[in-house]
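Accompanying notes for the structure given below.
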Amino acid sequence: MTLISPSLLAFGRNANHASPRHLGTRYDPEGRFLPEPGNTVVSHVTAGSPSEAAVLGVRDRLMAMPEARQFAFTAPSSLHMTIFQGIIEHRRKLPYWPADLPLDTPIEVMTAHYRDRLANFVPLEPFRARVTEVTPTGLALEGNSAADRACLKAWRDAFADAFGYRHPDHDDYEFHITYAYPVDWLDDAALPRWQVMLDEQLAFLREQAPVIALDPPAFCSFEDMNHFEELIVFSERPATKERK
1 MTLISPSLLA FGRNANHASP RHLGTRYDPE GRFLPEPGNT VVSHVTAGSP
51 SEAAVLGVRD RLMAMPEARQ FAFTAPSSLH MTIFQGIIEH RRKLPYWPAD
101 LPLDTPIEVM TAHYRDRLAN FVPLEPFRAR VTEVTPTGLA LEGNSAADRA
151 CLKAWRDAFA DAFGYRHPDH DDYEFHITYA YPVDWLDDAA LPRWQVMLDE
201 QLAFLREQAP VIALDPPAFC SFEDMNHFEE LIVFSERPAT KERK
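Written out as structure tokens, the structure is:
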């Protein structure tokens, strides 16, 4: 008998009595992404790396499942680990917004404001991350060592000071790479089959990419969940790197 993990049970139809949280605001019932502008700090999966090939291989396996049409998959180029959540159009409330700026400030004005504030941000030490679980919508990650986990916490604390707020889950935020969002819940009869597949993919990643290659954290703007435009990259280089 296959033991179903709590994270997979959360995607089962019997565990849910409402529609997925972001359905209708982030994406539509056909899986098309809707405008949802904002900004954020992320580390993209390093393009061309063996890690990217492994991460994309898992994405392909998820997309091959019979129930894949029940998920809205993001573009492969968007794959990233969020370091600190910025502001977003559909979450204009405290404490997800700086208290010293009006809640109706246009997103583009907020992005320009943070671009100015982050211009002199001093990068912290680099970190390494590993996958701890594969779920129907992505990968759960953590720092590869105690030092990496402390480093990630230091980055988040520093960005919280720069952005002027802390989310309620600031200290226990689970790092992750998102592949997709649920459009509809899985039939509970399908969960054992999904659990076997997810366990196989976790073993695959632990063999092929025990550490996920990630780019340095970057302040990004976005119009939807399919592309995160890097505005400032917090690399170890003396001068801030900018990408258009």
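One point on numbering: in the numbering used here, the residue at position 177 of the sequence shown is 177, and numbering is uninterrupted.
The C-beta atom is built at its ideal place from N, Cα and C for all residues, glycine as well.
This structure is a prediction, so every number in the text was calculated from the model and none was measured.
Query	Result
Under 6 Å Cβ to Cβ from A218, same chain only, skipping five residues before and after it: list those, please.	E230 and V233
Judging by CA-CA distance, which residue of E142, P136 and V134 is the nearest neighbour of F127?	E142
Please tell me whether A75 and N226 are closer than 8 Å, where the distance is taken between their beta carbons.	yes
For I4, does the three-state DSSP call read helix, strand or coil?	coil
Pick from A99, F33 and H113: whose alpha carbon is nearest that of V183?	F33
Would you say V131 and L202 are within 8 Å of each other, going by their C-beta atoms?	yes
According to the neighbour-count rule (16 or more other Cβ atoms, all chains shown, within 10 Å of its Cβ), is A3 buried or exposed?	The sequence shown places Leu at residue 3, rather than the Ala named in the question. Label assigned to L3: exposed.
What residues in its chain sit with their C-beta under 7 Å from that of D28, if we drop five residues either side in the sequence?	L34
Report yes if the CB atom of V55 is closer than 8 Å to the CB atom of L214, and no otherwise.	no
Between L198 and V134, is the Cβ-Cβ spacing less than 8 Å?	yes
What's the call for H176, buried or exposed, on a 16-neighbour Cβ count within 10 Å?	buried
Could you please give me the residues that DSSP links to C220 through a beta bridge?	T40 and E230
Take S246 as the anchor and find which of A15, I212, A162 and H90 has the nearest alpha-carbon.	A query on residue 246 cannot be resolved here, the shown segment of the chain reaching from 1 to 244 and no further.
Which first and last residues belong to the alpha helix (DSSP H) in which E108 is found?	I107 to R117
Exposed or buried, what is K244 when buried is set at 16 or more other beta-carbons lying within 10 Å of its beta-carbon?	At K244, the pLDDT of 33 sits below 50, so the modelled position is not reliable and the matter cannot be decided from this model.
Across which residues does DSSP place F71 in a beta bridge pair?	P182
Would DSSP call R91 helix, strand or coil?	coil
Run the CB neighbour count on L8, radius 10 Å, all protein chains shown included, and call it buried at 16 or more, exposed below.	buried
According to the neighbour-count rule (16 or more other Cβ atoms, all chains shown, within 10 Å of its Cβ), is S77 buried or exposed?	exposed
Is there contact between the stretch 103 to 111 and the stretch 56 to 69, where contact requires at least three CB pairs shorter than 8 Å?	no
Between the Cα of G138 and the Cα atoms of C220, E200, T178 and Q195, which residue gives the shortest distance?	T178
Excluding the 5 residues preceding and the 5 following Y165 in the sequence, name in chain order all residues of the same chain whose CB lies nearer than 8 Å to its CB.	L94, P95, Y96, W97, P98 and A99
From P168 to A162, what distance separates their C-alpha atoms?	17 Å
If you draw a straight line from the alpha carbon of E52 to that of S43, how long is it in whole angstroms?	13 Å
Does DSSP put M81 in a helix, a strand or coil?	strand
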